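Just so you know, the sequence shown maps onto residues -19 to 235 in the working numbering.
Where is the CB? At the ideal position from N, CA and C, for every residue including glycine.
A quick note: this is a predicted structure, and the numbers were derived from the prediction, not measured.
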Amino acid sequence: MPLHILTVPCLSDNYAYILHDDVTRRTALVDAPEVEPIREVLVGHGWELSDLLITHHHPDHIDGVEELHRIYDCRVIGAQADQKRLPPLDIAVGETDVEAVAGEEVHILDVPGHTIGHIAFYMPGAQALFSADSLMSCGCGRLFEGTPAQMWESLLKMRKLPDDTTVYSGHEYTETNIRFALTLEPDSDALISRQRTAEALRADDKPTVPVSLAEEKRTNPFLRADDPTLKEAIGMADASDVEVFAEIRKRRDNF
């Protein structure tokens, strides 16, 4: 049986992800913005939480960690480099580490930018990338701690993954991100089509995530800072890739 991955809306616009493997009967959670919505799903399915994976230290991703750990005695997995800012960890991980979670190999990617200690979880067997606030749906996280060069390098690392990877990001920002992307390339048919799809999903109160990495490569301006067409569109044809990324991020911050 394939891995079950459930999207759990939390707070006002956060997402957590519950992963369950029917064979091992193990259940994992990626990020814990709050306890009750997550508990409701677990109880409803009769699942016990085995592992809790943390992407970064921001409160809207970790506020439920300690209570869920107390309830389920699950393993808490997070970045070794940032463990002083995280709830207590059972397993501290770093780049190139591989853990077994919910019947799958989980590869750790170091993706600083949004925060210095941000990590992502890549499951090649499930073709899934849990990117939280690094790579987002048609966007990327605001640079609260890292530099444009760091974030660009992180995005390139994730862009190298196979096109059939599914990206599970941390927030419902898609509609705003697409509206911003259209200010850069207002005549993009791909963006216009994606906007219609996102609007229809939200009109039905459905999440716009996850999304395929192939779609992100086509339409996410933050993944395309080295694209000559985009550089030309924003008047930076001769600028470096990092300079273009920094300019796009600046425009998004002020959008």
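Residue 79 - DSSP class collapsed to helix/strand/coil: Indexing the sequence shown from 1 puts residue 79 at position 99. Of the three classes helix, strand and coil, the one that applies to residue 79 here is strand, per DSSP.
Completely contained alpha helix (DSSP H) runs for the stretch -18 to 33, where each covers 4 or more residues: 16 to 25
Distance between residue 101 and residue 8 (C-alpha atoms, nearest Å): Stepping through the sequence shown from its first residue, residue 8 is reached at position 28. Stepping through the sequence shown from its first residue, residue 101 is reached at position 121. Distance between the alpha carbons of residue 8 and residue 101: 12 Å.
Residue 220 - DSSP class collapsed to helix/strand/coil: Against the sequence shown, residue 220 aligns to sequence position 240. In this structure, residue 220 counts as coil in the three-state DSSP scheme.
Residues of its chain near residue 141, where Cβ-Cβ distance is below 8 Å and the 5 sequence neighbours each way are ignored: As a first step, residue 141 is located in the sequence shown; it is residue number 161 there, counting from the start. So the qualifying residues of the chain are 102, 109, 193.
Stretch pair the stretch 148 to 165 + the stretch 179 to 197: three plus CB contacts closer than 8 Å: yes
Continuous alpha helix (DSSP H) stretch holding residue 160: start and end: Position 180 of the sequence shown, counting from 1, holds the residue named residue 160. Here the alpha helix (DSSP H) through residue 160 covers 154 to 164.
Of the residues -1, 131, 34, the one placed nearest residue 21, counting alpha carbons only: Position 41 of the sequence shown, counted from the start, is the residue given in the question as residue 21. Residue 21 has its Cα closest to that of -1, out of -1, 131, 34.
Host beta strand (DSSP E) of residue 84 (start-end): Within the sequence shown, numbered from 1, the residue matching residue 84 stands at position 104. Per DSSP, residue 84 belongs to the beta strand (DSSP E) from 84 to 90.
Close Cβ partners of residue 135 (< 7 Å) along its chain, the five nearest in sequence each way excluded: Within the sequence shown, numbered from 1, the residue matching residue 135 stands at position 155. Correct list, in chain order: 115, 120, 202, 203.
N-terminal and C-terminal residue of the beta strand (DSSP E) that residue 147 is part of: The count along the sequence shown starts at 1 and reaches residue 147 at position 167. Unbroken beta strand (DSSP E) run through residue 147: 146 to 149.
Span separating the alpha-carbon of residue 163 from that of residue 210: Taking the first residue of the sequence shown as 1, we reach residue 163 at position 183. Taking the first residue of the sequence shown as 1, we reach residue 210 at position 230. Cα to Cα, the separation comes out at about 11 Å.
According to DSSP, residues forming a beta bridge with residue 131: Here residue 131 refers to the residue found at position 151 when the sequence shown is read from its first residue. Looking at the DSSP assignment, residue 131 forms no beta bridge with any residue, so it has no partner.
Assigned exposure category for residue 84 - 16 Cβ within 10 Å defines buried: Locating residue 84 in the sequence shown gives position 104, counting from the first residue. It is buried - the Cβ of residue 84 has at least 16 other Cβ atoms within 10 Å.
Reduced DSSP secondary structure (H/G/I, E/B, other) of residue 172: Counting from 1 along the sequence shown, the entry for residue 172 is found at position 192. In the structure shown, residue 172 sits in a helix (DSSP, three-state: H, G or I).
One or two residues paired with residue 58 in a DSSP bridge: In the sequence shown, the residue the question calls residue 58 occupies position 78. Bridge partners of residue 58: 72.
Residue closest to residue -11, alpha-carbon to alpha-carbon, out of 33, 232, 40: Within the sequence shown, the letter at position 9 stands for residue -11. With distances taken between Cα atoms, residue -11 lies closest to 40.
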